[in-house]
Structures are given as structure tokens and as C-alpha cells.
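In our numbering, the protein residues as written are 5 to 445.
The beta-carbon is built from N, C-alpha and C at its ideal position, and this holds for glycine as well.
Keep in mind it's a predicted model, so treat the numbers as computed, not measured.
Everything on this sheet refers to the single structure shown next.
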Ligand code: NAD
């Protein structure tokens, strides 16, 4: 089986490497020449644990190639995965320009039957649009190649993407074509044998499952975050509440960790996109809309809390705040919609100076936070960041922060505020050294 993966980002690259690991010949294609050059030189351009080793192995085995040529990728592949970005537009709807561009490109170079698989997260109806787009160009070309469109949404988590693609909870395949279904079964043969649950359905249902899943998880996070605000006021402990809730098999303890709000490249954009899809069809997703609003509120509540605890006049002039962790979650360099961006900007607006450190997110943070660069210093490690700071904020729970020597942190600080927005230190004795504030505890 020859596979082409178009778009070599967090999803496409991992997917391509895993397909090669499953024994297929794979070309990973991208329009960014620098990225492909780096990959051809054997370097993974993103931070994703375990990916480099698996990529090296499959390149050496001769199954994995990288290209900037859509012509070569299309011509040589039986199955073409579209894994390009679908960022949000101003109104919250998903921007489909990259997906449709790829559909046109594929159609231009199609040289026989192909299965075109949409792996990008796309609004319901996109499968049909991709089909029409390809057919129109084939008609213009005056050729009669046949093809099928499949929706195969991706559920990987950044930071655990390799694991998630090797052992997914489920594989969702939406298609009306028996031929495409049989080919997709062959593509995922390894997972089939390992008894991964498969769901075969129509394209629209598959497209909606992805949004429905992400929106549900976002709702769960916003729910526990709002309860955390109440827990703080009434003397309850949100971690214990979440534990007690999670013991109920119908609820599960996952995604019940109170924090500074969700971020990343999926939840913020996918919640807005499904709300937009609903509106366009005359419905209102009140629960999802509320989760979006609660998430925005949560981020500003974090700024309010720091200001309220550290200042009498509502300003942080002269205060230095160490922010540990910038990426939206641990084990990734992805800063898209990370809560750190809003919270750091909010603190700077109140007059604070920031000393930031993140194991992998700083490169991207530097341009995403360019507007306030004068007030941010990027430090070499967590201990440099806390030196002479008035407060420390744990923004993202990287493992190395969990193990920090809090006595050493305390000795080197100017004042002793510790805002633990991930509640990682709650059970540590040494938090007695600090004016300690978690979320919902
Ligand atoms: P990304 O921005 O990391 O990667 C997209 C890549 O596509 C980029 O490298 C870009 O250069 C390339 N590209 C754009 N136009 C192209 C074209 N015409 N031809 C070839 N390449 C092109 O995005 P991502 O995070 O990998 O997400 C891809 C899709 O998967 C999105 O729809 C996203 O919602 C979905 N998704 C993402 C995740 C995640 O955790 N990142 C998880 C599940 C689903």
C-alpha cells in the first residue's frame, strides 16, 4: 500500500510515521520547504516524545520519504490523507482554504483511482465539498478517474501522539463506498488485528464525531473550572470533589482537573466551529457556548487572583513574576491558544514584569508574545526564572516542575507568592514556606 500524507504538522507527520511503522510506503508532503528539508536531514521539526526514534527507524527501513511535490505524492499514492490545518476564522468557523487547496492539487495530478481521506478536523459537509472540488477539476481535465472520499478524524493528543496513534481508543471511518472501506481496513490492518474498536459510518457522522468529542471534553473542563471557583469560596477542595465525582463510572475522573482554562490547537477552535455549524443550521449549542465563555472567564480570573493577592491598588507595578510552563500542556512545544498567552498579557497590562521558562515552548512564545516582549525575559531554566521574583506561577505542569526543590525556590525569591494553577504542589510540606494559592483548593 502506498500512502501520501499531505500536511506534515502535529497530525500528518505522526500519522505518516505510524503508517510507515505499520509497513506501508509513505510520502509525507508539505508546502513548507524548510520543514521538508529538515525532515530529509532526519530532524523532527516539532517536539513530540518518541517520534524521532520511530521516524529514524522507518526512514532507515526505506518506507518513509518526504517531499514538497504534490504531483509526486499524488501519482505515487493509492491513499491520500489530507492533514492540513483548519484554523478558526474571525467568526469562529473553520477555515477550509487549505483542505480545498489540497483537494484541487490532488485532482490536478490524479493518475488513477485514489482514496482521499480527510484527517483534518472539518465541518460537516466538507467531505461532499472535497468530492465536488475534485470532480470539477477532473471534469475540466477531461479525465474519468474514479475516487472515493473518506472521513477519518484524528483523536491523538499532542505529547502522547505516538502512543495514541499506535494504540488508539477507536478508529472512525466515514464513507459510503464499500471499496474505500475495504482499502481503509487494509490501511489499518495492524490495528484491526490488535482489536482496536472500529466505527464505520457515513461521512457526515464521522465529521461530527470529532467535533462532538472535543466539545464534550471542553465542556467537562469548563464545568470543573467553574466549580473550582465556587469551591474556593465555600472552603471545599476541587481535587477531592473531582475524585469523588470520578469514582462514578458514568462520569470518570478524566478531564476533571481544575486549572487556568483549556487551550491548544483543538478545543478552542473546535468548540467555536461546532457552535458555528449549529448556528448555520438554525440551532444554538447553549452548553458549548457557555463552555467557551467560561473558559475565557477562567483565564481572566487567574489574572484577577494574582492581582488581588499581590496588590492593594489593583496594579502589579514593580512586581516580578516567574511563569513556569508556556505551552498549552506538558510534553509539547505547541503554543496555539495557550492560556499562558492571555494570562501573561493580562499580568503585563497590570504592570508586572515576567520571567518565563518553558522546556519546549519558548521559541514559539517569543513570537506569539511579541507585542509585550519588552516586559518578558526568557530564562535558561526554572531556577533562573524564580530568582528575585515576587511570585511564581505554575502555568503548565511539566514533570520537571513537579520535582522542583521548593526550599531552593523560596531562598532565591524576593517575595514568596506561589500560584499553582495546576495544583501540583498541594500535598507538599514545603508550600508552607509560601503564600500558596491553587485553583479551587
Ligand atoms: P499543523 O498546523 O501542525 O500542520 C498543518 C501542516 O499542513 C503545516 O505543516 C502546513 O504547512 C501544511 N499545509 C498547509 N497547506 C498545505 C498544502 N496545500 N499542501 C501541503 N501541506 C500544507 O496542524 P495540525 O496540528 O497537524 O492539525 C492538522 C489538522 O488535524 C487540523 O484540522 C486539526 O484540527 C486536526 N487535529 C489536530 C490535532 C492536534 O493535536 N494537533 C489532533 C487531532 C486533529
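Beta-bridge annotation (DSSP): residue 68 is paired with 30.
The distance from the Cβ of residue 240 to that of residue 92 is about 35 Å, inconsistent with a contact at the 8 Å cut-off. In chain order, 12 and 49 place their CB closer than 7 Å to the CB of residue 39, counting only its own chain and leaving out the 5 sequence neighbours on each side. Secondary structure remark: continuous alpha helix (DSSP H) runs of at least 4 residues inside the segment 196-238, in chain order: 207-238.
Runs of the beta strand (DSSP E) lying entirely within the segment 281-334 and spanning at least 3 residues, in chain order: 324-328.
At a cut-off of 7 Å, the beta-carbon of residue 10 counts as near ligand 1: some heavy atom of the ligand is closer than that. Taken from the Cβ of residue 408, every heavy atom of ligand 1 lies 7 Å or farther away. A direct Cα-to-Cα measurement between residue 387 and residue 341 gives close to 26 Å. Straight-line measurement puts the Cα of residue 186 at about 36 Å from the Cα of residue 335.
Classified as buried, residue 402 has 16 or more neighbouring CB atoms from the shown chains inside 10 Å of its CB. Taking the Cβ atoms as the reference, residue 398 lies roughly 5 Å from residue 328, within the contact range of under 8 Å. With fewer than 16 other Cβ atoms from the protein chains shown falling within 10 Å of its own Cβ, residue 203 counts as exposed. Just so you know, the alpha carbons of residue 30 and residue 281 end up roughly 34 Å apart.
Contact between residue 151 and residue 188 is ruled out by a C-beta separation of about 14 Å, above the 8 Å threshold.
In this structure, residue 96 has its beta carbon at no less than 7 Å from each heavy atom of ligand 1. Rounded to whole angstroms, the gap between the alpha carbons of residue 333 and residue 233 is 21 Å. Within the segment 36-115, the runs of alpha helix (DSSP H) that reach at least 4 residues and sit entirely inside it are, in chain order, 37-44, 55-64, 74-80 and 101-113. When DSSP states are grouped into helix, strand and coil, residue 359 belongs to the strand group.
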